[in-house]
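Residues 967 to 1135 in the numbering used here are what the sequence shown lists, from first letter to last. Glycine included, every Cβ here is placed at the ideal spot set by N, Cα and C. Quick caveat: nothing in here was measured; it's all calculated off a predicted structure.
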Amino acid sequence: MMKLASKWTVLTLMMMLITTAGATAQGYTPVAAAENQETVYINQMDIRNGQMYLSADPIEWYEGAAANKAFLEHEGNTGLDGAPDGYYIVNNTVQNDVYQIAPDASVEVQIYDHTGNIEDTDVQWNESIPLAQFEKDFAKKDVLDLSQFPYHITLRDGKVVKIVQQFIP
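Here is the structure:
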């Protein structure tokens, strides 16, 4: 329950950021589905024996008409005719799948803390950041908690080769 509450906190924070920073979803395009791609919440990142790993909880991410359909299937008795805000997440089971991250994995973020000041946080579509920086910033929780966002991870030979932060419309 605490994890769900904190997800609502980050969503509220994101809406404040978007309003405060003047950013909009203008220019947003959904992450294209790809082979060997999973959508997850990343629970933890750590280094073991010189290798970086992430622990993740797989989710189902829906947008647009698919979000409305999934929302009505799961929340049909709310009186709403579709998913609020145009997206819907299904997370029926809490898992902790562990994946090794390839040393050359790419990372793309949509909203990111560059300065440590909440007012400087802004949307920049598919901004590439080094994996080591993502791992370092993932551990921070004070300004922007990166663990509260969904991510699309791409796997090759059982290793994560790409991490893309999902923008919350």
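If you check the CB distance, V1126 and I1119 come in under 8 Å. N1058 sits in coil when the DSSP states are folded into three classes, being neither helix nor strand.
Close CB contacts of L1112 within its chain, under the 7 Å cut and outside five residues either way in sequence, are with D1103 and F1104 (chain order). For Y1028 against A1036, the beta-carbon gap comes to about 5 Å, under 8 Å, which counts as contact.
Taking every protein chain shown into account, the CB of P1050 has fewer than 16 other CB atoms within 10 angstroms, so this residue is exposed. Sequence-distant Cβ neighbours of N1002 in its own chain, meaning closer than 8 Å and more than five residues away, are T1120, L1121 and R1122.
A distance below 6 Å between beta-carbons, with the five flanking residues on each side excluded, links Y1065 to the following residues of its chain, in chain order: L1020 and V1126. When DSSP states are grouped into helix, strand and coil, H1118 belongs to the strand group.
Around the beta carbon of Y994, a 10 Å sphere encloses fewer than 16 other beta carbons of the protein chains shown; the residue is thus reported as exposed.
With fewer than 16 neighbouring CB atoms inside 10 Å of its own CB, A1098 falls in the exposed class. Annotation for Q1131: no alpha helix (DSSP H) segment contains it, though the beta strand (DSSP E) segment containing it runs K1125 to Q1131. Between I1025 and V1006 a beta carbon distance of about 6 Å is seen, short of the 8 Å cut, so the two are scored as contacting.
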